[in-house]
Structures are given as C-alpha cells and as structure tokens.
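To convert a position in the sequence shown, counted from 1, into the numbering used here, add 37.
Just below is one structure, and these are the notes that go with it.
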Amino acid sequence: MVKCNDAITWLASGKYFPLDNFYIAPFEYQGKEYQTCEHAFQSMKTMDLVQREKIRLCQTPGEAKGLGQLVPMRLDWEIIKYEVMYEIVREKMVKYKAIAELLLSTGNREIVEGNNWDDNCWGNCICAKCKDIPGRNCLGIILMRIRIELDRKINIYRCPECGHEIITEQIDEGVTPFIVTCEKCGEQAISAMYQCNQLHIAKFEWFKPKNDEEIMIELRWQNKTFHSNRASEEELQHSLKETRALVIKGGLILRNKQK
Ligand SMILES: [Zn+2]
Ligand SMILES: [Zn+2]
C-alpha cells in the first residue's frame, strides 16, 4: 500500500485510539451490549451461543481476542467477517458523536491500522519481519468508508400524521423537493433541514431524469394542487410504477435506492 506522508498510521494508542477496536465505548450490536468493537467482533466468530456470551463478557478486549481464537468458527466467517466488522465499527460511531467527530477530523487523510503483531489483514504490521509485506489494511479501509458515509448529506422527511421518517440522499441541494408521500399512512411528509454527519442509511434518492419530454403529475398539499412538468423516459415510468414515485417541483424523482 502506498502511503501519503500525512497518513494516520497508528490507532492502538495516542490521539486516534478512540477509533481503535480496543477502545472502551459500550454499544449495542444485535441486541447485546459490548464493551468494545473487539468484544463484538470476536463474539460473532462463532455460532456457539454459550461461547459467544463468554467472549462478550470478557474483562478486556485482549481477553476477548484470545478467546475468539479458541472457539469453533462459523463456516462462512471468512466471507462475512469484513461486513461484520463494518457493521460493528459503524454501531460505535452512531452512538458516540465525539468519536464520529474525531473520525471526520481526519479529513481525507489515509487511515492505516499500523501494528507490530503481524496483522497484515486488518492493518499493516511494521515489524522487521513484515516490513516488506504490504498490509491489506481492511480496518483502515472500513474506517475511511464510514468517514465518507458520515460526511454525506441526507434529508429527513417527517410525517406529521404518523411520525414516520423517510430518509433520502440529495443529488442537488438547490432544488430539494419539500414534500413526499409517507410510505406508512399516505400523508404528506415535510422536509426537514439537510443534515450532515449522520449515519442514517438513506433508503431513497432523488434522481434527475435526462429526458425533457413533459408530463404532468398532480400533487395535493394542504388542499392545493401543484403541477410539475418534467421528463418522461422508460426509467422514469419504471420508477413511477415500482415506487409510486412522485415528480414534484424541481423535476426530481424519488426512487428506491435498492433499485
Ligand atoms: Zn510483523
Ligand atoms: Zn405517515
């Protein structure tokens, strides 16, 4: 791995220790409280629930790591472990705003989980034996992925009727639609302000169609009717059918992100 001069290369102590998996910051994962990310990660290695609980209740992250190496490992662990690590680290960031702020304060610097215990999967070992082996730095990459997600702008629409929240990602701040139809009750949910530094997962995104063919869609809002004149193309028609999307002021289409 090529490192920039200003890369952060050590998490196990010092200023960036809160980003480390050994940092004590209790949080909930899959309905249980874990003292550190290490406890949670090691617990997930096994399907044996008794062993899992033993790891969870270890006094220190070091003990949890040690015990995690002795338990019968779930068969798909090598496949799922990266996503499990991402989910766990993310949970910590969601709960602790100060740690999320610390992560954001690293800007676009490379984050490397430097170590001297030969871990070239999650980090990059700097010992004499490993110094020519490039570490894959999977934990550093996960931290950088979460950093991008923290920085993303989203918009939250709240339904006045049932309180349901619809979270969208915006493509263009200047033309944000201000109402959407509530998925739960059909009422009109109102746009709140843009928010940054949130780890909400946006389920919908606003999409600007390319085609200029005009269509009219009616939208009721406080007993008034709004009209929109914007694009019709195959994708748009599809989007309308699949998600009951509305084209509203500004000519944007709300569509399900999973599509
Ligand atoms: Zn080493
Ligand atoms: Zn509602």
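Virtual Cβ for every residue (Gly too), placed ideally from N, Cα, C.
Being a predicted model, the structure only gives us computed values, none of them experimental.
- With a cutoff of 8 Å on beta-carbon distance, L48 and L140 are scored as not near each other.
- A residue is called buried when at least 16 other Cβ atoms come within 10 angstroms of its Cβ; F54 does not meet this threshold and is exposed.
- If you draw a straight line from the Cα of I170 to the Cα of V108, it comes to about 28 Å.
- If you check the CB distance, G172 and N157 come in under 8 Å.
- Secondary structure at R292: strand, using DSSP grouped into helix, strand and coil.
- Scanning K82, K129, I148 for the CA closest to the CA of I116 turns up K82.
- Straight-line measurement puts the Cα of W243 at about 19 Å from the Cα of H201.
- Boundaries of the alpha helix (DSSP H) around E128: 114 to 132.
- Here R111 has K82, T83, M84 as same chain residues with Cβ atoms under 7 Å from its own Cβ, once five neighbours each way along the sequence are excluded.
- With contacts defined by Cβ atoms closer than 8 Å, M130 and L187 form a contacting pair.
- Counting along the chain, no beta strand (DSSP E) covers I61, and no H or E run does either.
- In this structure, K240 has its CB at a distance of at least 7 Å from all heavy atoms of ligand 2.
- Put simply, the residues with a CB less than 6 Å from any heavy atom of ligand 2 are C196, E198, C199, H201, C219, K221, C222, E224, in chain order.
- Under the criterion of beta carbons closer than 8 Å, Y194 and I203 qualify as touching, at roughly 4 Å.
- Residue environment analysis places G177 among the buried positions, since at least 16 neighbouring C-beta atoms fall within 10 angstroms of its C-beta.
- Annotation: Y66 to A226 spans about 30 Å, alpha carbon to alpha carbon.
- A distance criterion of 7 Å places the beta-carbon of C158 beyond contact range of ligand 1, judged by its closest non-hydrogen atom.
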